[in-house]
Amino acid sequence: MPRPALAVPLLLLAAVAIAQEHHDRAANDPFTLKPLAGNVYALYGRGGNVGFYVGPDAVVVVDSQFKDLAPGIVEKIKSVTDKPIKYLVNTHHHGDHVGGNEVFRHFAVIIGHDNVRTRMLASPAEIAPIIRSSGTFNVKARRLAAFVDFLGRRYGGRVEKMAGEEPWELRRQLLEVPGIGRETADCIVLYAAGHPLFVVDGYTRRIFSRLGMIRGDESYDDVQLFFMRRLPGETRLFNDYHAQIVGLAQQSCRARPRCTGCPLDDLCPKRGVA
Ligand code: SF4
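With the first letter of the sequence shown counted as 1, position 106 gets the number 1282 in the working numbering; the numbers rise by one all the way through.
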């Protein structure tokens, strides 16, 4: 007799509820397997529990516990069925619910709410190894994690939703995130959100003070205002302008300038250049 359409979702719901309970067990005896109803089982283990449903073709698992326990979860499931484990549902971002993802990802599709994914990505420990080559990676990882956390809380983890915010309001919010200063906030508003806020950096100050257009020691906001009052407020222009400044500063207007060959050589009064 065919199973009613609602049965599988209800059984999975039961498995989710079980997975969100917590039981402590000894490390050498991490699991007790308990059949529940139909083809739904619970694994009572260390930390968050695991639920699984044996379907006609495959097994759906709810939560993966700690990484070191995941192989044991797989073994327990195999003791019940030889059907493949094809899906893993994450109910929670804590390590005792998702640590085993590292094992399951090799053979199962992992499904989770957007917020679970966002909160997992907001872990400095996850980010640091990825950006190790960038230098001071632990500090940067904490800052990136703080930004991802902000993106998740304020905009449901969606950059396109963040981009819909009024640009100065977005800038104000970003400046409240630990580790984000004016230049970083403006880069996010310009490059990620696509709004025309002018980015001021050390290269801007160096080039335009040598050109005699600013002193170079003005506040960030004053330098930004200087450009935004004089340029059309166009995202593409600001984007290109900043790229041109970086290019000029790295090729010609370096700390020790190479004025010969600089495209601004004829115009530049070379203020402060020895
Ligand atoms: S001419 Fe020299 S000082 Fe002026 S912008 Fe070019 S490299 Fe810089």
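Using N, Cα and C, we set each Cβ at its ideal position, and we do this for glycine too.
Residue i by DSSP, collapsed to three states: which one?
i	result
residue 1248	helix
residue 1230	strand
residue 1215	coil
residue 1421	helix
residue 1305	helix
residue 1436	coil
residue 1287	strand
residue 1257	coil
residue 1446	coil
residue 1431	coil
residue 1353	coil
residue 1264	strand
residue 1327	helix
residue 1208	strand
residue 1441	coil
residue 1182	Confidence at residue 1182 is low in this model, with a pLDDT of 46, below 50, so its placement is unreliable and no value can be given for it.
residue 1241	coil
Using 9 Å as the threshold, is the C-beta distance between residue i and residue j below it?
i	j	result
residue 1319	residue 1356	yes
residue 1214	residue 1240	no
residue 1222	residue 1258	no
residue 1394	residue 1402	yes
residue 1420	residue 1362	no
residue 1422	residue 1368	no
residue 1234	residue 1254	no
residue 1237	residue 1264	yes
residue 1387	residue 1365	no
residue 1343	residue 1373	yes
residue 1382	residue 1322	no
For residue i, report the span of its alpha helix (DSSP H) as first-last.
i	result
residue 1335	1335-1339
residue 1375	It is not in any alpha helix (DSSP H) - residue 1375 carries neither H nor E in the DSSP assignment.
residue 1401	1396-1406
residue 1280	1277-1280
So the beta strand (DSSP E) residue i belongs to, where does it begin and stop?
i	result
residue 1365	Taken as a continuous stretch (DSSP letters only), residue 1365 belongs to no beta strand (DSSP E), as it is neither H nor E.
Compare the C-beta of residue i with all C-beta atoms of chain D and state if any pair is closer than 9 Å.
i	result
residue 1219	Judged by its chain identifiers, the structure shown contains no chain D, having just a single protein chain.
Exercise for the section: Taking 7 Å as the limit, tell me which residues put their C-beta closer than that to any heavy atom of the ligand SF4, in chain order. Expected result: 1383, 1386, 1387, 1424, 1428, 1429, 1433, 1434, 1435, 1438, 1440, 1441, 1444, 1446, 1449
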